[in-house]
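A quick write-up on the structure given underneath.
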Amino acid sequence: MLDAAGGRTPSTHPALRHCVELLRLHLASPSLAAAKQLHARALRAGVPPSHPLLAKHLLFHLASLRAPPLRYAVAVLTRILPDPDPFSLNTVLRIAASSPRPRACARLLSLRDGERIHAEAAKNGFATLVFVKNSLVHLYGACGLFESAHRVFDEIPVRERNLVSWNSMLNGFAANGRPNEVLTVFRAMMDVDFAPDGFTMVSVLTACAEIGALALGRRVHMYLAKVGLVGNSHVGNALIDLYAKCGSVDDARKVFEEMGTGRTVVSWTSLIVGLAVNGFGKEALELFGVMEREKLVPTEITMVGVLYACSHCGLVDDGFMYFDRMKEEYGITPRIEHLGCMVDLLGRAGKVEKAYDYIVTMPLEPNTVVWRTLLGACAMHKTRRHSGDYVLLSNLYAAVGRWADVHVLRKTMVKDGVRKNPGHSLVELRNSVYEFVMGDRSHPESEQIYRMLAQIAERLRREGYIPRTSNVLADIEEEEKETALNYHSERLAIAFALLKSLPSTPIRIVKNLRVCGDCHTAIKLISKIYDREIIVRDCNRFHHFKGGSCSCKDYW
Numbered sequence: 000m001l002d003a004a005g006g007r008t009p010s011t012h013p014a015l016r017h018c019v020e021l022l023r024l025h026l027a028s029p030s031l032a033a034a035k036q037l038h039a040r041a042l043r044a045g046v047p048p049s050h051p052l053l054a055k056h057l058l059f060h061l062a063s064l065r066a067p068p069l070r071y072a073v074a075v076l077t078r079i080l081p082d083p084d085p086f087s088l089n090t091v092l093r094i095a096a097s098s099p100r101p102r103a104c105a106r107l108l109s110l111r112d113g114e115r116i117h118a119e120a121a122k123n124g125f126a127t128l129v130f131v132k133n134s135l136v137h138l139y140g141a142c143g144l145f146e147s148a149h150r151v152f153d154e155i156p157v158r159e160r161n162l163v164s165w166n167s168m169l170n171g172f173a174a175n176g177r178p179n180e181v182l183t184v185f186r187a188m189m190d191v192d193f194a195p196d197g198f199t200m201v202s203v204l205t206a207c208a209e210i211g212a213l214a215l216g217r218r219v220h221m222y223l224a225k226v227g228l229v230g231n232s233h234v235g236n237a238l239i240d241l242y243a244k245c246g247s248v249d250d251a252r253k254v255f256e257e258m259g260t261g262r263t264v265v266s267w268t269s270l271i272v273g274l275a276v277n278g279f280g281k282e283a284l285e286l287f288g289v290m291e292r293e294k295l296v297p298t299e300i301t302m303v304g305v306l307y308a309c310s311h312c313g314l315v316d317d318g319f320m321y322f323d324r325m326k327e328e329y330g331i332t333p334r335i336e337h338l339g340c341m342v343d344l345l346g347r348a349g350k351v352e353k354a355y356d357y358i359v360t361m362p363l364e365p366n367t368v369v370w371r372t373l374l375g376a377c378a379m380h381k382t383r384r385h386s387g388d389y390v391l392l393s394n395l396y397a398a399v400g401r402w403a404d405v406h407v408l409r410k411t412m413v414k415d416g417v418r419k420n421p422g423h424s425l426v427e428l429r430n431s432v433y434e435f436v437m438g439d440r441s442h443p444e445s446e447q448i449y450r451m452l453a454q455i456a457e458r459l460r461r462e463g464y465i466p467r468t469s470n471v472l473a474d475i476e477e478e479e480k481e482t483a484l485n486y487h488s489e490r491l492a493i494a495f496a497l498l499k500s501l502p503s504t505p506i507r508i509v510k511n512l513r514v515c516g517d518c519h520t521a522i523k524l525i526s527k528i529y530d531r532e533i534i535v536r537d538c539n540r541f542h543h544f545k546g547g548s549c550s551c552k553d554y555w
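According to numbering that gives the first Met the number 0, the sequence shown is numbered sequentially starting from 0.
Listed below in C-alpha cells is the structure:
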C-alpha cells in the first residue's frame with residue numbers, strides 16, 4: 000500500500016510491524032536494552048519517530064520494566080505531541096507516578112513536562128477522562144504536589160470517582176507523611192458510602208500508626224474483619240506496623256500469628272523491627288532465628304531491626320556477628336542505616352572512642368543521623384570531645400554547666416538560620432487525638448490540666464524526685480528551670496490523660512522530639528505513683544514506663 004508520495008503508509012511499514020511484534024514478544028521479560036535496540040532499528044528502517052503506534056507499544060514496554068526510564072518515556076511522548084493518544088499519555092503519567100524517586104520525578108516532570116502533559120491532555124480533550132485524571136492525581140500526589148492533586152481530584156464529579164480516584168489521593172498523602180489528610184479524605188469517602196478495598200485500608204492504617212491513633216486503628220481492624228479483608232497480606236502487615244508503632248506489641252504478635260501461611264518477609268520484618276524499637280530486643284532476635292529456620296531470606300530492613308535489637312540490648316559481639324553474616328551469608332551491602340546501628344551499638348556500650356574511630360573509617364560518608372548518634376552517646380556518658388547536632392551539643396554543654404558555650408552555640412544557630420523544631424506531644428482519647436506544646440494554655444480545660452500538673456509535681460516531690468535542671472538550656476534561676484520542666488508537652492499530655500481516662504488504661508503519647516532526661520525520670524515515677532502504664536514514642540524509640548522503670552533501661 001502506497002501513500003501519495005509513492006512510499007508505504009506508516010501503519011503497513013514492515014519494519015514497524017516487525018518492531019511491534021518483537022516488543023510484544025519481549026513483554027514476558029521486558030528489557031530496556033531490547034526496547035532501545037528495537038526502537039533504533041525501526042528508526043533506521045525509515046519508521047517516522049512521531050508514529051503513534053510505535054510510541055504506544057514502546058511506552059507500554061517501558062512501563063512494564065521494574066524501574067521505568069522516565070526521561071526516555073517523556074522523550075518518546077514528545078515525538079507524538081501535540082496529538083498524543085489517551086493510552087500513551089496515561090502510560091507516561093503512570094511511569095512518572097511510579098518513579099522510585101518521586102521527589103526527583105517532581106523536579107523532572109511536575110512544573111515543566113508534567114504540567115505540559117496535563118495541558119496537552121486538556122487541549123486534546125483527554126483531561127475529562129477519569130482514568131487520565133486518576134493518573135494525574137497519582138502523579139501529583141507521588142511528587143508531593145498536594146494542591147495540584149486535590150485540584151484535579153475535585154474536578155472529578157463525585158458520582159464518577161472510582162476506587163482508583165480515592166486511593167490515588169490517599170496514597171499520595173500517606174506516602175508523603177500527611178496522616179491527618181489521609182483520614183480527612185477517608186472520612187469524605189465514607190460520607191458518600193464508597194466501599195474501600197485493601198489498598199485503601201493500608202493507607203488508613205498507616206496514617207493511624209503515624210499519629211498513634213490506636214483506638215481508631217482498632218475500629219478499622221474490626222471493620223476489616225467484618226468485610227473479610229484481614230486475610231490480605233498487605234493489610235496484615237499494615238496492622239502489625241500499626242500495633243507496633245502504637246506500642247501494643249501483644250496485638251502485633253497476635254496479628255502475626257493469625258496470618259499463618261499468609262506471612263511474607265515483610266510480615267516477619269515488621270514484627271522484628273516492632274519488637275526491637277519497643278525494647279523487646281531479645282524477642283526480636285529470637286524471632287529472627289525462627290525466620291532463618293523457616294529458610295526465609297532477610298531484607299536490608301530486617302537487618303536494621305536485628306542490629307537495632309542488638310544495640311538496645313547491649314549485645315556488642317552479637318551485633319558485629321550479625322553485621323558480618325548480613326554481608327557474607329545474605330549478600331547485603333551495608334547501607335548508612337546499618338552503619339549507624341553499629342555506631343549506636345558501640346556508643347550505648349560506652350565505647351565512644353571506638354564509635355568515633357568506626358565513623359571515620361566507614362565506607363560511606365556519615366550523615367547527620369550518624370553524628371547525632373555519636374553525640375547522644377557523648378551526652379549520655381558525659382564525653383566532651385566530639386561535635387555534631389546543635390541541640391544535642393547544647394544539652395551536653397548544659398549538662399556540664401558550660402553556659403557560655405550554650406550562649407555561643409545559640410548565637411551560631413541564629414547566624415546560620417538553624418531553628419529547633421518546636422516539641423509537641425499527641426495523646427488519643429475517646430477516638431480523638433489531642434496535641435500539646437510546652438506551656439500550652441489553648442486547651443479549653445487548661446485550668447484543670449495545670450491543677451493536675453501541680454498535683455503531680457507535689458506527689459513527685461514526696462517520692463524524692465529532684466528535677467534535672469541541667470536539661471533546661473538557659474542560665475536562669477533553679478525555680479524557673481523547675482517550672483519550665485514541669486510544663487513540657489509530654490507532661491501536659493499525661494496530665495490530661497490522667498484526668499480523662501479510666502484508672503486501669505494505658506496512656507499512649509507520641510512526641511516528635513527526644514524525651515529529655517528529666518521528663519524520663521519523672522514519667523518513671525508517675526507510672527509508679529498512679530499505677531499506670533505509660534507508653535511514649537519519641538523520635539528515637541519507644542519507652543514503656545511501668546512500676547517506676549522503663550523498657551529502655553535509661554539509655555535512649
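The beta carbon of each residue, even a glycine, is placed where N, CA and C say it ideally should be. Computed from a predicted model, the values in this text were never measured in an experiment.
Whether residue i touches residue j by CB criterion (7 Å)
i	j	result
ALA308	ALA348	no
PHE541	GLY124	no
LEU228	GLY197	yes
ALA492	MET451	no
CYS18	ALA41	yes
PHE287	LEU270	no
VAL129	VAL151	no
ILE528	ARG507	no
GLU489	ALA212	no
ASN277	VAL248	yes
ARG78	PRO51	no
LEU215	MET200	no
ALA95	LEU138	yes
VAL514	ARG536	no
PRO178	GLU209	yes
Alpha carbon of residue i to alpha carbon of residue j, nearest angstrom
i	j	result
MET437	ILE358	35 Å
LEU88	VAL368	41 Å
ALA39	PHE59	17 Å
PRO29	GLU20	13 Å
SER232	ARG262	7 Å
GLY313	ALA521	24 Å
ARG218	SER526	27 Å
ASP404	LEU345	27 Å
ARG384	LYS350	Interpretation of ARG384 is limited by its pLDDT of 42, a score under 50 that renders its predicted location unreliable; no figure is taken from the coordinates.
SER424	GLY546	22 Å
ASP517	PHE544	14 Å
ASP553	HIS406	28 Å
GLY6	VAL46	The predicted model places GLY6 with a pLDDT of 42, which falls under 50 and marks its position as unreliable; any figure quoted below should be read in that light. In a straight line, the C-alpha of GLY6 is about 11 Å away from that of VAL46.
ASN511	LEU373	20 Å
LEU24	ALA74	23 Å
ALA14	TYR71	21 Å
PHE605	PHE185	The question about residue 605 has no answer, for the chain in this structure spans 0 to 555.
LYS523	TYR449	20 Å
ASN366	LYS410	24 Å
LEU363	CYS142	28 Å
ALA34	LEU22	7 Å
HIS149	ALA496	36 Å
Residue interval of the beta strand (DSSP E) (run including residue i)
i	result
SER49	Unbroken run through SER49: none, as it is neither H nor E.
PHE541	541–545
VAL191	Neither: VAL191 is in no beta strand (DSSP E) and is coded neither H nor E.
SER503	Neither: SER503 is in no beta strand (DSSP E) and is coded neither H nor E.
ILE534	533–536
Supposed close pair residue i, residue j - CB separation, criterion 8 Å
i	j	result
MET341	LEU306	7 Å
SER266	GLY235	6 Å
TYR321	VAL296	Actually they are not in contact, since the Cβ atoms of TYR321 and VAL296 sit about 15 Å apart, beyond 8 Å.
The alpha helix (DSSP H) enclosing residue i, as first and last residue numbers
i	result
TYR222	213–226
ASN133	129–141
ASN170	162–174
ARG252	248–258
VAL514	Note, VAL514: premise wrong, no alpha helix (DSSP H); not H, not E.
PRO13	13–24
MET320	315–327
CYS309	299–312
ASP356	351–359
ILE239	232–244
PHE145	145–154
VAL203	197–210
ILE335	335–347
### Message
Restricting to runs no shorter than 4 residues, where is the alpha helix (DSSP H) found entirely within the region 272–296?
### Response
As far as the region 272–296 is concerned, its whole alpha helix (DSSP H) runs of at least 4 residues are 280–292.
### Query
Fully enclosed by the region 407–466, which beta strand (DSSP E) runs are 3 residues long or longer?
For the region 407–466, whole beta strand (DSSP E) runs of length 3 or above, ordered along the chain, are 423–428 and 431–436.
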